[in-house]
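Engineer: So the sequence shown is numbered by my numbering: it starts at 26 and just counts up by one. Have a look at the structure that comes next, please.
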Amino acid sequence: MTLGTILLIVLILLLIGALPSWPYSREWGYRPTGLVGVVLIVVIVLLLLGQI
């Protein structure tokens, strides 16, 4: 596994963990999900461009 693949997997897990569907994260709102989603998009673009 390359570093980019590992980073992508970790970011996807963070995105799922930040969803406000569980009691401990419901009060956070959608801000953490949006932030992790933006980082995930940036990493995917960098992977596609071959920068990672």
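Glycine included, each C-beta is placed from N, C-alpha and C at the ideal position. Source: prediction; values computed, not measured.
Beta carbon of Leu32, beta carbon of Val63: below 8 Å?
Structural biologist: Reading the sequence shown from its first residue, position 7 is the one you call residue 32. Reading the sequence shown from its first residue, position 38 is the one you call residue 63. No. Outside cutoff.
Engineer: Express the C-alpha separation of Gln76 and Ile34 in angstroms, rounding to a whole number.
Structural biologist: In the sequence shown, residue 34 corresponds to position 9, counting from 1. In the sequence shown, residue 76 corresponds to position 51, counting from 1. Rounded to whole angstroms, Ile34 to Gln76 spans 17 Å at the Cα level.
Engineer: Ends of the alpha helix (DSSP H) at Gly29?
Structural biologist: In the sequence shown, residue 29 corresponds to position 4, counting from 1. From DSSP, the alpha helix (DSSP H) with Gly29 extends over 28–42.
Engineer: So, are the CB atoms of Gly29 and Leu72 less than 8 Å apart?
Structural biologist: What you label residue 29 is simply residue 4 of the sequence shown in a count that begins at 1. What you label residue 72 is simply residue 47 of the sequence shown in a count that begins at 1. Closer than 8 Å, so yes.
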